[in-house]
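With our numbering applied, the sequence shown covers 11 to 412.
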Amino acid sequence: MNVEDWKLGREKTRSIVAASLAMVVAGCGSNLDIDATIDTPDQMETVQANSVDLTYEDFVQQYVYKEPWEGGVYIYDGDTPVANEKQLYELYQKLVSPPSLIVNTVGGSDDKWSASQAVSLTYCISNSFTASQKSAVISAMQTALEGGWETFANVNLTYDSSQDSNCTATNNNVTFDVRPVSGQSYLARAFFPSYSRSQRNILIDTSAFSTSWPLSGILGHELGHVLGFRHEHTRPEAGTCFEDNNWRALTPYDSASIMHYPQCNGSANTLAFTTRDAEGAAALYGAPGNPPPPPPPGGGNEQTATASGTVRRSRWVYYSPITVDSGTNFRVVMTGTNDADLYVRFGAQPTTTTYNCRPYLTGSNETCDLTVPAGQTQAYIGVRGYSSATSSYNLTVTWTGP
11 MNVEDWKLGR
21 EKTRSIVAAS
31 LAMVVAGCGS
41 NLDIDATIDT
51 PDQMETVQAN
61 SVDLTYEDFV
71 QQYVYKEPWE
81 GGVYIYDGDT
91 PVANEKQLYE
101 LYQKLVSPPS
111 LIVNTVGGSD
121 DKWSASQAVS
131 LTYCISNSFT
141 ASQKSAVISA
151 MQTALEGGWE
161 TFANVNLTYD
171 SSQDSNCTAT
181 NNNVTFDVRP
191 VSGQSYLARA
201 FFPSYSRSQR
211 NILIDTSAFS
221 TSWPLSGILG
231 HELGHVLGFR
241 HEHTRPEAGT
251 CFEDNNWRAL
261 TPYDSASIMH
271 YPQCNGSANT
281 LAFTTRDAEG
291 AAALYGAPGN
301 PPPPPPPGGG
311 NEQTATASGT
321 VRRSRWVYYS
331 PITVDSGTNF
341 RVVMTGTNDA
351 DLYVRFGAQP
361 TTTTYNCRPY
371 LTGSNETCDL
381 TVPAGQTQAY
391 IGVRGYSSAT
401 SSYNLTVTWT
411 GP
């Protein structure tokens, strides 16, 4: 059954549509009922009227830098990457809206690598660096990892030099690439774990090789972002350089943290690791040296489901929960036209602020590739329209279930 077969009903301002998802299990076909579409306020029109002293255009002009090459990201607060203009506008809304309670980094969940991913991250270092620059980068990465993050937590990042000749954003043989740039507004910039492969890069400006700060400290800071750590100075104790409230405290405030800008009321000017940096890393990823989690027990069935539909701007299409096994992979691939957004959440329906995965890219081609968390048995999928024109989409879902 496809969306043309859905039954339409009305309840106040909500439009509810029943639908089904074609599912193939162990060679047999069946239907999986799915839930509803719900109209929600248009994000592009709901900036708090009493807070808009700074227009979006002024915000972009005064506080944001756009990398000038194709696929370049937006840079906010020095080295914080924002993947696209949709996410930039969302950041602006959060900054001009009244403060809210502190939440986790991504949709109410920690933006971090899974236990198995955290010990198997790989990277290349581009041959586009000069020989002396590349040697310095190799050494600085090693110092920042072996003398820092890998010493503090159960993470492992492996340098794969065999990929250096093709060290680009399209190389899927590594988790991320390390490449040179020049003339940018930052010394270096990185990414967060939730970013798509094309945006998983550490870019190092030529100015980083002539600053008084050690390159190992600069890259230690950037690798902190790679592991999911935010700027420490976004916390209220800093008294300045606020970014947003999308974070969860792991330790007490640390003004000397490697993740704290010195110019933002920081108490250190060395970009060196602190005891609380170590404690926070261990709190998020566990103590170093722990073995990776065992593979999930066998017996589950590999299953696949597909669905197609259309969705208007600010309207949700919610799918009924899928029964999953914790520790297994859950993958949703969406393709389509115009701009629909894919959401996945374990345990409850996703919302615009609560989800386990929301790529939030420009266009309707998005993928969520997740490990089912411990204790979770149900996965929920939602699709929300973003563009003014109606978006069409196709979903392919693969998972292991009982």
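Glycine included, every Cβ here is placed at the ideal spot set by N, Cα and C.
Reference residue i, options the options, closest by Cα
{"i": "Ile336", "options": "Trp409, Cys367, Gly299", "result": "Rather than Ile, the amino acid found at residue 336 in this sequence is Ser. It is Trp409 whose Cα lies nearest to the Cα of Ser336."}
{"i": "Ser172", "options": "Asn137, Pro272, Val129", "result": "Asn137"}
{"i": "Pro78", "options": "Leu101, Ile391, Cys177, Ser192", "result": "Ser192"}
{"i": "Gly392", "options": "Glu160, Ser330, Val184", "result": "Ser330"}
{"i": "Cys134", "options": "Ser126, Ala125, Ser145, Ser124", "result": "Ser145"}
{"i": "Thr362", "options": "Glu67, Gln71, Ser119", "result": "Ser119"}
{"i": "Cys367", "options": "Ala358, Gln71, Tyr353", "result": "Tyr353"}
{"i": "Ala218", "options": "Phe239, Pro272, Gln194", "result": "Gln194"}
{"i": "Tyr99", "options": "Pro262, Asp68, Pro383", "result": "Asp68"}
{"i": "Gly82", "options": "Arg189, Cys274, Gln209, Asn182", "result": "Gln209"}
{"i": "Ser318", "options": "Thr338, Val342, Glu312, Asn311", "result": "Val342"}
{"i": "Asp414", "options": "Thr387, Asn300, Pro369", "result": "The requested residue 414 is not part of the displayed model; the chain covers only 11 to 412."}
{"i": "Trp123", "options": "Pro383, Thr387, Arg325, Pro224", "result": "Pro383"}
{"i": "Asn211", "options": "Thr338, Asn181, Pro272", "result": "Asn181"}
{"i": "Ala150", "options": "Gln103, Leu229, Thr387", "result": "Leu229"}
{"i": "Asn300", "options": "Val70, Trp326, Asn164", "result": "Asn164"}
{"i": "Asn94", "options": "Ser206, Ala282, Pro360", "result": "Ser206"}
Cβ shell of residue i (< 6 Å), same chain only, five flanking positions each side left out
{"i": "Ala389", "result": "Ile332, Val334, Phe340, Phe356"}
{"i": "Tyr396", "result": "Asp349, Asp351"}
{"i": "His270", "result": "Glu242, His243, Gly276"}
{"i": "Val74", "result": "Tyr84, Tyr86"}
{"i": "Ala358", "result": "none"}
{"i": "Val407", "result": "Ala315, Val342"}
{"i": "Gln53", "result": "Low per-residue confidence applies at Gln53: pLDDT is 34, beneath 50, and the placement is therefore not dependable, though the value from the model is reported in the following sentence. Excluding positions up to five away in sequence, the list is empty."}
{"i": "Asn60", "result": "Unreliable placement is indicated for Asn60, whose pLDDT of 36 sits below 50; the coordinate value is still reported in the next sentence. Nothing meets the Cβ criterion."}
{"i": "Ala141", "result": "none"}
{"i": "Gln97", "result": "Tyr370"}
{"i": "Asn183", "result": "Gln173"}
Residue i and residue j closer than 9 Å at C-beta
{"i": "Gly276", "j": "His231", "result": "no"}
{"i": "Leu237", "j": "Ala315", "result": "no"}
{"i": "Thr5", "j": "Thr185", "result": "Lying before the first or after the last residue shown, residue 5 is absent from the chain, which here runs from 11 to 412."}
{"i": "Ser126", "j": "Thr381", "result": "yes"}
{"i": "Ala248", "j": "Ala266", "result": "no"}
{"i": "Gly346", "j": "Ile268", "result": "no"}
{"i": "Val321", "j": "Ser401", "result": "yes"}
{"i": "Leu213", "j": "Pro190", "result": "yes"}
{"i": "Arg240", "j": "Val327", "result": "no"}
{"i": "Thr216", "j": "Gln143", "result": "yes"}
Nearest-angstrom Cβ-Cβ length linking residue i and residue j, presumed shorter than 8 Å
{"i": "Thr280", "j": "Gly227", "result": "7 Å"}
{"i": "Phe162", "j": "Pro298", "result": "7 Å"}
{"i": "Met344", "j": "Tyr403", "result": "5 Å"}
7 Å CB neighbourhood of residue i in its chain, flanking five on each side removed
{"i": "Ser398", "result": "Arg323"}
{"i": "Arg245", "result": "Tyr263"}
{"i": "Leu260", "result": "Gly290, Ala293, Leu294"}
{"i": "Gly385", "result": "Ser336"}
{"i": "Lys76", "result": "Gly82, Tyr84"}
{"i": "Ala282", "result": "Gly227, Ile268"}
{"i": "Cys274", "result": "His243, Ala248, Thr250, Cys251"}
{"i": "Pro272", "result": "Ala278, Asn279"}
{"i": "Glu80", "result": "none"}
Contact with chain D by residue i, beta-carbon distance below 9 Å
{"i": "Met344", "result": "Judged by its chain identifiers, the structure shown contains no chain D, having just a single protein chain."}
Contacting residues, own chain, Cβ-Cβ under 8 Å from residue i (five flanking each side not counted)
{"i": "Asn166", "result": "Ala128, Val129, Ser130, Leu131, Glu160"}
{"i": "Ser222", "result": "none"}
{"i": "Tyr169", "result": "Thr132, Tyr133, Cys134, Ile135, Ile148, Met151, Gln152"}
The ligand MG heavy atom lying under 8 Å from the CB of residue i
{"i": "Gly346", "result": "As far as ligands go, the structure on display features none, and thus does not contain the ligand MG."}
The segment 90-102 touching the segment 197-217, judged by at least three CB pairs closer than 8 Å: yes
Given 8 Å, three or more beta-carbon pairs between the segment 373-380 and the segment 282-289: no
Three CB pairs or more closer than 8 Å across the segment 145-161 and the segment 176-184: no
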